[in-house]
Amino acid sequence: MSIPNSDNLPNLPATDLTVPANNDIMRVREFLVDLQARICQALEAQERDGGGNATFVPDDWERPEGGGGRSCVLADGEVIEKAGVMFSHIHVHNLPASATARHPHIAGRKAQAMGVSLVVHPKNPNVPTSHANVRLFVAEAEGEDPIWWFGGGFDLTPFYPVLADCVHWHQVCHDLCAPFGDSVYPDFKQWCDEYFHLRHRDEQRGIGGLFYDDVNTESRGWDFETCFNFMKAVGNGYLDGIMPIFEQRKDTPYTEAQREFQLYRRGRYVEYNLVYDRGTLFGLQSNGRIESILVSMPPLASWHYRFEPTKGSPEFALTDFYLKPRDWLTL
C-alpha cells in the first residue's frame, strides 16, 4: 500500500448523500493524510523552538488482510520525550468481538476503518500529555447500503495543571462544536468524562475534552458531509488547543521530584490504555500491527505502593480538584 504525501493528493468533489460513495470515503482519507503531516510539522516546530533537533521518523506498513498506514514517531527530544502520530486505512474481513458486541447488525460484513490517532508525551512535567483521534468506520455487504459512522475526540492529561490552560482547552472544544448545535459540546464533553475514567481507581485520566463515537445520520441526524465536517473541526481543533499550552509551559523549570511525579502519573495512562481503551482492544482483536497499537505507551513510567501526596501540595490538587468532571467554562 502506498501512502501519498499530503501535497500531491487529488482534490475530490463533495457529494450530499446520506450513504457515502467511494469518492466520499477517499476524501476522508485525503484529509487524514494531510492532518497527520500538519500535526507532525507543528510538533517538530515546538521541538526546534525548545532547542531540540528530534524529528518524526515515518514507518510505512502493510497488513496481509488489506490496507496499511504510516506511523510517525518522534523520540528522545528535548521538548517531546515521545510522540506517535499514526495514520491507518485497514480492511477487515472478520470483524472482532469489540466491534460486533456493540453493533451486532454488522456481523458478517467486511469493513474498512481509517483514522489518525496520536499521543504526545512531553518531557517537561508542566506540559500535559495529550491525545487525539479521528476515525471513520464503514461496514459493507454486497447488495446493501454501507453502515458507517465517525468517531474521535481529544483529551488532556496534565500533571501540574494551570487553570487558564484547562479553560483554554475546553473553550477550543466548545467553539469548534458550536456551529453543529448547542448540545454538541455538553454531550461530547460528558461522554469524554465518562469514557476516560479509570473505574478500578474511581479516577479521571485527565481533564477531558471531547469524545464521540457512532456518529452518523441515525444517531445524530447529520448527513455524511456534516459528520465529515465535524471530523475536520475536531482534527484541526487539537492543534488549536495544544500549541498555546506547549508554547507557554515547555520552558517552565521543574525539579527531579516533579519529574518523578510525572512518571508516577504516567502509570495511570498505561493502566487506562491497556485495560479500557477501545482502540487498543480493536487493534489487538483485529490482528493489528502491535508496534502501532502500543506506540501510545510512554517511554518511562513508574508505580508506587500507596503513594499519598501531601495535602495542600500541587500533587494533591491534581486529584483533589483538577481530575474531577466540572464545567471549566464557568469557573
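Anchor point for the sequence shown: position 73 equals 78 in the working numbering, and the numbering is continuous, going up by one each time. We put the CB at the ideal spot given by N, CA and C, even for glycine.
For residue i, does the count of other Cβ atoms within 10 angstroms reach 16, so buried, or fall short, so exposed?
i      : result
Asn90  : Per the sequence presented here, residue 90 reads as Val, with Asn not at that position. Classification of Val90: buried, given that the 10 Å Cβ count is 16 or more.
Thr134 : buried
Leu328 : buried
Trp174 : buried
Glu49  : buried
Thr285 : buried
Tyr165 : buried
Asp12  : Confidence is the limiting factor: at Asp12 the pLDDT is only 39, short of 50, which leaves the residue's position unreliable, though a coordinate-based value still follows. With fewer than 16 other Cβ atoms within 10 Å, it is exposed.
Phe321 : exposed
Glu52  : buried
Let's see if you can read the secondary structure: which residues bound the beta strand (DSSP E) around residue i?
i      : result
Ala59  : No beta strand (DSSP E) holds Ala59; DSSP gives it neither H nor E.
Phe326 : Neither: Phe326 is in no beta strand (DSSP E) and is coded neither H nor E.
Gly226 : Careful: Gly226 lies outside any beta strand (DSSP E) and carries neither H nor E.
Ile95  : 85-97
Ser76  : 72-80
Glu296 : Counting along the chain, Glu296 falls outside any beta strand (DSSP E), though it belongs to the alpha helix (DSSP H) covering 295-298.
Asn131 : That residue, Asn131, is in no beta strand (DSSP E); it is neither H nor E in DSSP.
For the alpha helix (DSSP H) that residue i lies in, which residues bound it at each end?
i      : result
Leu286 : 283-290
Glu320 : 319-322
Pull up the distance between the alpha-carbon of residue i and that of residue j, whole angstroms please.
i      : j      : result
His202 : Trp196 : 10 Å
Leu40  : Gly156 : 16 Å
Arg204 : Pro319 : 24 Å
Val177 : Ala88  : 22 Å
Leu244 : Ala47  : 8 Å
Ser93  : Glu70  : 13 Å
Cys232 : Val220 : 7 Å
Ala80  : Gly74  : 19 Å
Pro151 : Phe235 : 20 Å
Glu374 : Glu313 : The structure shown does not extend to residue 374, since the chain is modelled only from 6 through 336, so no value can be given for it.
Glu145 : Val97  : 10 Å
Phe36  : Asn99  : 27 Å
Arg254 : Thr260 : 14 Å
Phe251 : Tyr277 : 24 Å
Gly211 : Pro163 : 6 Å
Leu299 : Trp333 : 31 Å
Arg273 : Ser122 : 19 Å
Just tell me which of the options has its CA closest to the CA of residue i.
i      : options                        : result
Tyr217 : Pro63, Cys182, Leu79           : Cys182
Gly82  : Asp54, Cys178, Lys316          : Asp54
Pro25  : Glu261, Trp153, Trp308, Val84  : Trp153
Ile95  : Ala306, Arg311, Leu305, Arg294 : Arg294
Pro191 : Gly317, Thr335, Ala59, Asp64   : Thr335
Asn138 : His179, Ile44, Ala144, Trp227  : Ile44
Asp64  : Arg311, Glu296, Gln290, Tyr274 : Glu296
Pro127 : Val84, Leu168, Val167          : Val84
For residue i, would you say it is in contact with chain B, using Cβ-to-Cβ distances shorter than 8 Å as the test?
i      : result
Leu100 : Looking at the structure shown, chain B is missing, and only one protein chain is on hand.
Alpha helix (DSSP H) runs contained entirely in the region 149-226, provided each spans 4 or more residues: 168-182, 189-200, 222-225
Sequence ranges, alpha helix (DSSP H) only - wholly within the region 253-282, length at least 4: 261-280
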